[in-house]
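Heads up: the structure comes next, in C-alpha cells.
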Amino acid sequence: MFTQQLVNGLMLGSVYALIGIGYTLVFGVLRMLNLAHAYIFTSAPFITFALIGASVSPMLALFLGVVGAAFLGVLLYLVAFKPIPPEHALGGFVASLSFGIIIQVVIVNFYGSQPKKFPTILNLPDFNLGNVILSGVQIGSLCISASLMIGLLYLIKSTRFGRNIRAIAQNQMAASLLGVAVPAAVLLVFFMSSALAGLAGLMVAMRFESIGAFMGDMYAIKALAIIIIGGLGDVRGAVFAGLLLGVCEVMFQAYAPPGWSEAFIWLFLIGVFLVRPEGIFGVGIKTREI
Amino acid sequence: MNQKRLFLAGLVLGFTAVIQPVLAQQSIKIGVNVERTGVASSYGTHMLIAAQIALDEVNRAGGVNGAQIEFVIEDNRSSPEQAVIATRNIDRLGVAAMLGPIQTSQCRTAFPAANRAGLVSISPGSAAPGLTAQNRPWTFRIAAIDSLIVEEVISGLKRNNPNVKTVAIAVDTRDAYNQFLVKTVAPAAIEKSGLTILNKDQLVEMAPDTTDFSVFITKLKAMNPDVVLLGAGFDPAHGFLREANRQRFNVPMFAGQGYITTSMATAANDLQLWAGQPFDPESPEANVKKFVAEFKTRVEKELPGQYVSPTYIDASAYESIHVLADAMRASKITPSTDPKLAREQIRSYLASLKGYQGLGNVINMNQEGDTVKTTMVYRVRAGKWVKQ
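Protein sequence lines, in the order shown, are assigned to chains A and B.
Reading the first sequence from the start, the letters are residues -10 to 279 in the working numbering.
Reading the second sequence from the start, the letters are residues 5 to 392 in the working numbering.
So, in C-alpha cells, the structure goes:
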C-alpha cells in the first residue's frame, strides 16, 4: 500500500507542479500574484470540450485548448496587469481575480455548475508494476512537468529571452533603458504561463474524465502554497514543492487519523515556512546573475 | 413640469399598488426551495422539471377550485444557510405550501424554520430517519426512509453474494446526508444482516472537493473487504467509481439514495454497485410511463446531455405537487383563502394521508410525517442498472 500511495502522491504532485511552474513564472517577472491562473486552468478543458462538441477532432481540440488558454493569458495581461501602475501592489491582484471570476461565470452560464463527463481523448493504458498501478495519463503528466522544468530552466538561463526576463525581474526600468522590449517579453511570459495552466487543466480533465466550473478552486490555494514553499519565482522550486505537496497530501490522507489529514497538510506547510521562510530554493529569477 | 411628472409617477405607483394584489390573487402559490445551483444542482434542476410536469397537468385539468397554481422558486444553492433564507422568503410571499429542500443537509435547517413559521413543507428527497419527527407538525417527506432501503439493498446484495462477511466504509466528510447514513443508519442494518464492519471507528474519510480518489481506493483495497459502503454525494461518487474501476477494485459496493441514474451506472461500469429507491422508472403502469416519457422530453430540451430517467426524487416531487393540489381541492382552498387557514388545512390533509395512488406505489403518511413506500433494489450490470 505504501508504494502505491507514494505513486499516487507523485502523480497528484505532478499536476500541482505543472500549475505551480506557470504561476511562479509570472510572479518571478512581475512580482505580482496572478489570481486568474486557476481559472485559466479551468478554461482549457472547457474550450476543448466545446470544440469536440462542435465536431473538431479531439487532438486538434486539445491543442486549441492550450492555445486558447494561452491567449486568455495574453488578454489577462492586457486588461488586468498592463494598465495597473507597478507601484500599485494590490492592483494586479484584484484585477486578475476579477478576470478569473468572469471566466468562471461565463463557464457556469454556458455549461451550468454541475460537472460534465470529459471525453476520453488519449486512451493511454495504465501500467502494473507488481501490485502498483501507474496511470498512463499521470505518467505523461509527470514526464511533461519534468521536461517543461528542464526546458524552462534552459530558456531562462541560456537564451536571450531568458536573459531579458531576468533583467525585467530585477529592474524593469533599467531593462527597458538597455533595449529590452519589456511589453513583448512580459506578454510572452503570460502566454507561456497560461499555456502551462491550460495544459495542467487538460491533464486533470483527461485523468479524471470530468470537468466542472469550479475544478480550479481546489488547486488555486495549493498553487499559491507551492510557489511560496518552492521560493517565489523559482521554477525548480515550484516543481519540487508541487511534488512534495502531492506526496504529503496523499500520505496524510492515507495514514493520518480520519478527519485530520487536511489540518496536517497545512500544519506541514507552516513547518516548512518556519524552517525555510524564503522557500526551499528561495532565490528566484530576480537574484540570479544576468 | 416637475410637478406634472411627480403626479404621473404617483398615479402609476398607486395604480400598480391597487392592481397587483388583484392580479396576484388569481393564482395559488406553492414555494419551491430547491438546490438549483451548487453541489446538488443536478438533483435540483431535474426535480424542478418533474414538479413543473405535475403543475402543468394540474393547471391543464382546470387548476384547483377554479384557480391556477404557480411556483415561487427560491434557489438554496445547496447550502444549509441559504436554505433558511429561501424558506423565510417563501414564507413572506404568503404561499400555501413549500416543496423542498431535497437534501437532508438543507432540510436540517429549513425544516425548523418552516416549523416556526407554520409553513407546510414537503421534501421529495431527504431520507435520514427522524428529521420530520423533530419538526412536527409542519414538515413532511414524500421521499423514502433510508433504514428500510439499506436493509433491502443489503439483503439483495447478500442473496447474490452469499459468501460476503466484511464491509469497509468510505464517506465524504462534507456530506451531511452520507455522514448520517454511514454513521447512524447503515451500521445497524449491516450488523443486523450478520456482516462485520472493518473500519467502524476508522472510516475512510474523503476530503471535500477531492477529484483524485486514488488514495482512498488504495486505502480501501489494503483493508481487503468483501463489500464497500460508499457514502458520497452525486458528483464525488462518479469520480470514486471511475477510480475503483481503474484500480480494478471490483468488490460489491452499495450506497444510499440518488444513485440510480444512467451516468452513475456508466461510471460504475463493471463494478457490482447496489442501490435502492422507492420508484421504478421501468414500471409498466400507465401513469409512470407517461411521466417518464414527458420527463425525458423536457430534460433533453432543457438539460441536454444530462440524465433523462427520473430518480425517486423526481418522482416524489411530481407526487408531492399532485398531493398538494388534491389537498387544496379537498379543503376548498382558493386564492382568497387566508394563507394561515390554507396552510392549516393542507397540513391536516397531509397528516392523515392514506392509500394515495402515487407513481407505481401507494403512499401512506406515518405519524412522523414520513411516507412509507415499497423499496425497489437495483444493481449495475455492464454499465446499466438492472432491477433485482
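Virtual Cβ for every residue (Gly too), placed ideally from N, Cα, C.
*Just how far apart, CA to CA, sit Thr315(B) and Met51(B)?*
Counting from one through the second sequence, the residue named residue 315(B) turns up at place 311. Counting from one through the second sequence, the residue named residue 51(B) turns up at place 47. Taking the straight line from one Cα to the other gives about 9 Å.
*My guess is that Met369(B) and Ala355(B) are in contact by the Cβ rule of under 8 Å, so how many angstroms apart are they, rounded?*
Sequence index remark: in the second sequence, residue 369(B) carries index 365 (1-based). Sequence index remark: in the second sequence, residue 355(B) carries index 351 (1-based). About 6 Å; that satisfies the 8 Å criterion.
*Environment of Leu143(B) [buried if 16+ CB atoms lie within 10 Å]*: By 1-based counting over the second sequence, the position of residue 143(B) is 139. Reading off the sequence shown, one finds Thr at residue 143(B), where the question assumed Leu. It counts as buried.
*According to DSSP, is Leu111(A) helix, strand or coil?*
Here residue 111(A) refers to the residue found at position 122 when the first sequence is read from its first residue. Leu111(A): coil per DSSP, three-state reduction.
_Less than 8 Å between the beta carbons of Ala186(A) and Phe30(A), yes or no?_
Position 197 of the first sequence, counted from the start, is the residue given in the question as residue 186(A). Position 41 of the first sequence, counted from the start, is the residue given in the question as residue 30(A). The answer is yes: Cβ separation under 8 Å.
*Using the Cα positions of Asp95(B) and Asp176(B), report the straight-line distance between them to the nearest angstrom.*
Here the question's residue 95(B) lines up with position 91 in the second sequence. Here the question's residue 176(B) lines up with position 172 in the second sequence. So the two alpha carbons sit approximately 33 Å from each other.
_So, for Gln161(A): in the same chain, excluding its five sequence neighbours on each side, which residues have a beta-carbon less than 8 Å away from its beta-carbon?_
One-based indexing of the first sequence puts residue 161(A) at position 172. If we look at Gln161(A) and ignore the five residues flanking it on each side, its Cβ neighbours are Pro75, Val171.
*If you count every other CB in all the chains shown that lies within 10 Å of the CB of His77(A), and 16 or more means buried, which is it?*
Mapped onto the first sequence, residue 77(A) falls at position 88. That one is exposed.
*Can you tell me the Cα-Cα spacing of Ser287(B) and Val296(B), whole angstroms?*
For this step, residue 287(B) is matched to residue 283 along the second sequence. For this step, residue 296(B) is matched to residue 292 along the second sequence. Using only the alpha carbons, I get a separation of about 10 Å.
_Just to confirm my understanding: we take Ala25(A), look at its own chain, exclude 5 residues before and 5 after, and list those with CB closer than 6 Å. What are they?_
Counting from one through the first sequence, the residue named residue 25(A) turns up at place 36. Cβ neighbours of Ala25(A) beyond the five flanking positions: Leu65, Ser85, Phe88, Gly89.
*By DSSP, does Leu24(A) sit in helix, in strand, or in coil?*
The count along the first sequence starts at 1 and reaches residue 24(A) at position 35. Three-state DSSP puts Leu24(A) in coil, outside helix and strand.
*Mind listing the chain A neighbours of Thr222(B)? Cutoff is C-beta to C-beta under 8 Å, in chain order.*
Numbered from 1 along the second sequence, position 218 holds the residue referred to as residue 222(B). Within 8 Å Cβ-Cβ: Met(-10), Gln(-7), Gln(-6), Asn(-3), Ala243.
*Measuring CA to CA, which of Gln110(B), Ile34(B), Trp389(B), Ala241(B) is closest to Ala101(B)?*
Counted from its first residue, the second sequence places residue 101(B) at position 97. Checked all of Gln110(B), Ile34(B), Trp389(B), Ala241(B); the closest Cα to Ala101(B) is Ile34(B).
*Can you give me the Cβ contacts of Lys358(B) inside the same chain, cut-off strictly under 6 Å, excluding the 5 residues immediately before and after it?*
What you label residue 358(B) is simply residue 354 of the second sequence in a count that begins at 1. Hits under 6 Å: Asn368.
*Taking just the CA atoms, how far does Ser340(B) sit from Gln72(B)?*
Translated into positions along the second sequence, residue 72(B) becomes position 68. Translated into positions along the second sequence, residue 340(B) becomes position 336. C-alpha separation (whole angstroms): 13 Å.
*Taking Arg226(B) as the query, report the chain A residues whose CB atoms sit under 8 Å from its CB, ordered along the chain.*
Here the question's residue 226(B) lines up with position 222 in the second sequence. Before going further, note that residue 226(B) is Ala rather than Arg in the sequence given. Those within 8 Å of Ala226(B) in chain A are Met(-10).
_Per-residue burial, Lys105(A) [other beta carbons within 10 Å of its own, 16 or more giving buried]_ = Residue 105(A) sits at position 116 when you count from the first residue of the first sequence. Buried, by the Cβ-count rule.
*Same chain, Cβ closer than 7 Å to Glu74(B), five either side skipped, listed in chain order*: In the second sequence, counting from the first residue as 1, residue 74(B) sits at position 70. So the list reads Ser31, Lys33, once near-sequence residues are dropped.
*Among Asn165(B), Ala44(B), Gln138(B), Gly48(B), which one has its Cα closest to the Cα of Ala321(B)?*
Numbered from its first residue, the second sequence carries residue 321(B) at position 317. Residue Gly48(B) is the option with its Cα nearest to Ala321(B).
*asked:* So within the stretch -4 to 59 of chain A, which uninterrupted alpha helix (DSSP H) runs reach at least 4 residues, ignoring any that extend past its ends?
replied: 26 to 42
*Please classify Pro226(A): is it buried, with 16 or more other beta-carbons within 10 angstroms of its beta-carbon, or exposed?*
Position 237 of the first sequence holds residue 226(A). A small correction: the amino acid at residue 226(A) is Gly; Pro does not occupy that position in the sequence shown. Per the 10 Å Cβ criterion, buried.
*the stretch 186 to 199 of chain A touching the stretch 3 to 18 of chain A, judged by at least three CB pairs closer than 8 Å*: yes
*Name the DSSP beta bridge partners of Ile201(B), please?*
As a working mapping, residue 201(B) is identified with position 197 in the second sequence. BP columns for Ile201(B) point to Val171(B).
*Looking only at its own chain, which residues have a Cβ that is under 8 Å from the Cβ of Leu131(A), when we skip the five neighbours before and after it?*
Counted from its first residue, the first sequence places residue 131(A) at position 142. For Leu131(A), where only same-chain residues beyond five positions count, the Cβ hits under 8 Å are Leu(-1), Met0, Ser3.
_Output needed for Val171(B): all residues of its chain with C-beta closer than 8 Å, excluding positions within five of it in sequence on either side, in chain order._
Sequence index remark: in the second sequence, residue 171(B) carries index 167 (1-based). Same-chain partners within the cutoff: Ile194, Leu199, Thr200, Ile201, Leu202, Pro229, Asp230, Val231, Val232, Leu233.
*In chain order, what residues of the same chain lie with their CB nearer than 6 Å to the CB of Pro467(B), ignoring the 5 residues before and after it?*
In the structure as shown, chain B begins at 5 and stops at 392. Residue 467(B) is therefore absent and cannot be evaluated.
*Quick one: is the Cβ of Cys237(A) within less than 7 Å of any heavy atom of the ligand COA?*
As far as ligands go, the structure on display features none, and thus does not contain the ligand COA.
_Reduced DSSP secondary structure (H/G/I, E/B, other) of Tyr382(B)_ = What you label residue 382(B) is simply residue 378 of the second sequence in a count that begins at 1. In the structure shown, Tyr382(B) sits in a strand (DSSP, three-state: E or B).
*Using three-state DSSP, classify Lys388(B) as helix, strand or coil.*
What you label residue 388(B) is simply residue 384 of the second sequence in a count that begins at 1. Of the three classes helix, strand and coil, the one that applies to Lys388(B) here is strand, per DSSP.
*For Tyr360(B), which three-state DSSP category applies?*
By one-based count along the second sequence, residue 360(B) stands at place 356. If DSSP states are grouped into helix, strand and coil, Tyr360(B) belongs with the strands.
_Selection of the stretch 111 to 130 of chain A by Cβ proximity to chain B, strictly under 8 Å_ = Asp115, Ile122, Ser124
*How close, in whole Å, do the beta carbons of Ala236(B) and Val189(B) come, if the pair is a contact with beta carbons under 8 Å?*
Within the second sequence, residue 236(B) is the residue found at index 232, counting from 1. Within the second sequence, residue 189(B) is the residue found at index 185, counting from 1. Actually they are not in contact, since the Cβ atoms of Ala236(B) and Val189(B) sit about 15 Å apart, beyond 8 Å.
*Of the residues that make up the stretch 238 to 263 of chain B, which ones have a beta carbon closer than 7 Å to any beta carbon in chain A?*
Asp239, His242, Gly243, Arg246, Arg250, Gln251
*Apply the 10 Å Cβ neighbour rule to Leu185(B) and answer buried if 16 or more other Cβ atoms are within range, or exposed otherwise.*
Numbered from its first residue, the second sequence carries residue 185(B) at position 181. Burial call: buried.
*When you compare only the Cα positions, how much space is there between Gly280(B) and Leu79(A)?*
Mapped onto the second sequence, residue 280(B) falls at position 276. Mapped onto the first sequence, residue 79(A) falls at position 90. So the alpha carbons of these two residues sit roughly 53 Å apart.
*At what residues does the alpha helix (DSSP H) containing Gly48(B) begin and finish?*
Here the question's residue 48(B) lines up with position 44 in the second sequence. 45 to 64 is the extent of the alpha helix (DSSP H) around Gly48(B).
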